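Quick note, the sequence shown lines up with residues 1 to 162 if you use my numbering. Backbone N, C-alpha and C define an ideal beta-carbon position, used for all residues, glycine too. This structure is a prediction, so every number in the text was calculated from the model and none was measured.
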Amino acid sequence: MKKMLLLFVVLMASVPAHAGMAEVGKPFPAYTLQDQFGHTNTLSPSTRFVVVASEKGISEKLNEWLKPKEQGYLAAHKTEYVSDIEPMPGIITKMFALPKMKKYPFTLLLATEKSFAQTYPHQKGKIALFVLDEQQVLSEIRFLDAPADVEAVLAAGSAPRE
């Protein structure tokens, strides 16, 4: 019986802690992700918006929108941009996607674990926008149709109500 208990404790200790689902009114689950250059990034204390693309088509729209923006656009708007690339096969990521991403004039954080999608809600075909307050409590989750909608929110400094 002691061996079984010990085995259970060892197995439970090896399971990564799951931060839980991002929920309005609760602290935003912090993340540590690599960008397209392999640099490790954690959620910045100054971040007020997190934009998440959970599908290739959404990511492509956001990337095209951001390419002509001035350098530092996201930082100036206290925004971090995450692309969930976990479904992409590793060989495709390394051979094709990363070289293309390295040409982007903005920082793109890459979510490569299934747990990311389990923590941060998404809707098919939508851009997820998470709005954080000064204490990084999640104040609102918006699911937007187009980058122009994201730009309007960032320009206003807060998410407009519908």
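- Here the alpha carbons of L132 and A117 stand approximately 18 Å from one another.
- Counting C-beta atoms within 10 angstroms of its own C-beta, T32 has fewer than 16 neighbours from the protein chains shown and is therefore classed as exposed.
- In summary, Q36 is buried, with 16 or more beta-carbon neighbours lying within 10 Å of its beta-carbon over all protein chains present.
- Restricted to the stretch 76–140, the beta strand (DSSP E) segments that are unbroken, complete and at least 3 residues in length are 79–84, 109–111, 127–132, listed in chain order.
- Cα atoms of E55 and P105: separation of roughly 21 Å, rounded to the nearest angstrom.
- The stretch 43–54 and the stretch 81–97 touch, with no fewer than 3 CB-CB distances between them shorter than 8 Å.
- When DSSP states are grouped into helix, strand and coil, L144 belongs to the strand group.
- Boundaries of the beta strand (DSSP E) around L33: 32–35.
- For V24, DSSP assigns no beta-bridge partner whatsoever.
- Residues A30, Y31 of the same chain have their beta carbon placed closer than 6 Å to that of L43, with the five preceding and five following residues left out of the count.
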